[in-house]
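Data block below; observations after.
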Amino acid sequence: MVQPIKISKSNNFFQINNEYVTFWGNEIVAKRIKIISEIQALITKFNFDTDEVIEISDDDTFSFFDQVYLKLPHSKAERYESLIPQIKSLVSDEPDLIANLANICAVLKYTMDGFFWVGFYLKQENTLVLGPFQGPLACTRIQIPKGVCGKAVAEKRTIIVDDVNQFPGHIACSTDSKSEIVIPVIKDNDVIAVLDIDSDSYSNFDDTDKKYLEQVCDIVSELFN
Ligand code: SME
10 MVQPIKISKS NNFFQINNEY VTFWGNEIVA KRIKIISEIQ ALITKFNFDT DEVIEISDDD
70 TFSFFDQVYL KLPHSKAERY ESLIPQIKSL VSDEPDLIAN LANICAVLKY TMDGFFWVGF
130 YLKQENTLVL GPFQGPLACT RIQIPKGVCG KAVAEKRTII VDDVNQFPGH IACSTDSKSE
190 IVIPVIKDND VIAVLDIDSD SYSNFDDTDK KYLEQVCDIV SELFN
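In my numbering, the protein residues as written are 10 to 234.
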């Protein structure tokens, strides 16, 4: 029995049954292009305007999905497990720090659920200065140990805040931010930057995020000279 499949396009990413189709890294980008071209062929066939949602349940769809088998990870851990090698691959051939940090923000924001703002702050003496990010406007400088970011640097540890309104000294860049995680990037035993992620849901971050985002920050640490 073939299940109906809904395909829609939103924010320049295709969604299949409400899941974003996002693939990254050299090998994966090729797959992504293949998938998108296949989807476009389907769209042409069904005369589908990409701003609408279509539902297809015939054998053509089945063979289409047989060919471009889409297995999107569902659990948070599964998503991270697939994301980490993709991030490694993404940065492996590119020497430019800013380019790599920018792309890491993009893959995190568009792969994980509820990542409303994702960005790096880079440490310059006693200040964190805004680096590459994805999301709305953010404050450009944070004095250490102010805010969640400053505290993560001062205490050299990942900080998870379930409700930013309950965190004394939280620096609010957007009223839409409800929970936050800040992970220090450590090199030679010093914090050199932080990865800051805000969610528009309360309690969006847990130990799974901590575990995998610390792995992401280990990769990031290697990017600094
Ligand atoms: N909330 C952070 C400030 C940075 S923004 O969230 C982008 C903090 O309290 O350090």
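By construction, the Cβ of each residue, glycine as well, lies at the ideal position given by its N, Cα and C atoms.
Computed from a predicted structure; not experimentally measured.
Suppose you measure from the CA of residue i to the CA of residue j; what does that come to, to the nearest Å?
{"i": "Ala-39", "j": "Asn-174", "result": "Because Ala-39 sits at a pLDDT of 33, beneath the cut-off of 50, its placement in the model cannot be relied upon, and the following sentence gives the value as read from the coordinates. C-alpha separation (whole angstroms): 43 Å."}
{"i": "Ile-96", "j": "Ile-190", "result": "19 Å"}
{"i": "Val-229", "j": "Ser-188", "result": "23 Å"}
{"i": "Pro-145", "j": "Asp-197", "result": "32 Å"}
{"i": "Ser-208", "j": "Asp-185", "result": "8 Å"}
{"i": "Ala-161", "j": "Thr-149", "result": "17 Å"}
{"i": "Thr-170", "j": "Glu-164", "result": "For the sequence presented, residue 170 should be read as Val rather than Thr. Taking the straight line joining both Cα atoms gives about 15 Å."}
{"i": "Phe-125", "j": "Ile-206", "result": "7 Å"}
{"i": "Arg-1", "j": "Glu-223", "result": "What is shown of the chain runs 10 to 234, which leaves residue 1 out entirely."}
{"i": "Glu-90", "j": "Asn-112", "result": "18 Å"}
{"i": "Gly-178", "j": "Ile-192", "result": "18 Å"}
{"i": "Gly-128", "j": "Leu-232", "result": "16 Å"}
{"i": "Ala-108", "j": "Val-225", "result": "15 Å"}
{"i": "Asp-69", "j": "Ser-84", "result": "The pLDDT assigned to Asp-69 is 45, lower than 50, so where the model puts this residue is not dependable; a value taken from the coordinates is nonetheless given after this. For Asp-69 and Ser-84, the distance between alpha carbons rounds to 29 Å."}
{"i": "Val-194", "j": "Ser-212", "result": "23 Å"}
{"i": "Cys-182", "j": "Val-203", "result": "16 Å"}
{"i": "Glu-87", "j": "Phe-176", "result": "30 Å"}
{"i": "Glu-103", "j": "Leu-139", "result": "21 Å"}
{"i": "Val-100", "j": "Ile-180", "result": "30 Å"}
{"i": "Lys-219", "j": "Cys-114", "result": "16 Å"}
Residue i by DSSP, collapsed to three states: which one?
{"i": "Glu-223", "result": "helix"}
{"i": "Ala-202", "result": "strand"}
{"i": "Asp-105", "result": "coil"}
{"i": "Glu-134", "result": "coil"}
{"i": "Arg-153", "result": "Here the sequence assigns Ile to residue 153, which means Arg is not the residue at that position. Ile-153: coil per DSSP, three-state reduction."}
{"i": "Pro-177", "result": "coil"}
{"i": "Leu-146", "result": "coil"}
{"i": "Ser-84", "result": "coil"}
{"i": "Asp-207", "result": "strand"}
{"i": "Ile-93", "result": "helix"}
Which stretch, first to last residue, makes up the alpha helix (DSSP H) that contains residue i?
{"i": "Glu-164", "result": "156 to 164"}
Would you mind reading off the limits of the beta strand (DSSP E) that contains residue i?
{"i": "Lys-187", "result": "Run containing Lys-187: none; DSSP gives neither H nor E here."}
{"i": "Trp-170", "result": "In the sequence under discussion, the amino acid at residue 170 is Val, which differs from the Trp named in the question. Here the beta strand (DSSP E) through Val-170 covers 168 to 170."}
Does any residue of chain C bring its CB to less than 8 Å from the CB of residue i?
{"i": "Val-127", "result": "No chain C is present in this structure, which holds just one protein chain."}
Is residue i close to the ligand ATP? I mean its beta-carbon at under 7 Å from any heavy atom of the ligand.
{"i": "Ser-91", "result": "Within the structure as shown, the ligand ATP is missing, the only ligands being the ligand SME."}
### Message
Whether or not the stretch 110 to 128 and the stretch 153 to 169 are in contact is what I'm after, with contact meaning three or more pairs of Cβ atoms, one per stretch, closer than 8 Å; do they touch?
### Response
no
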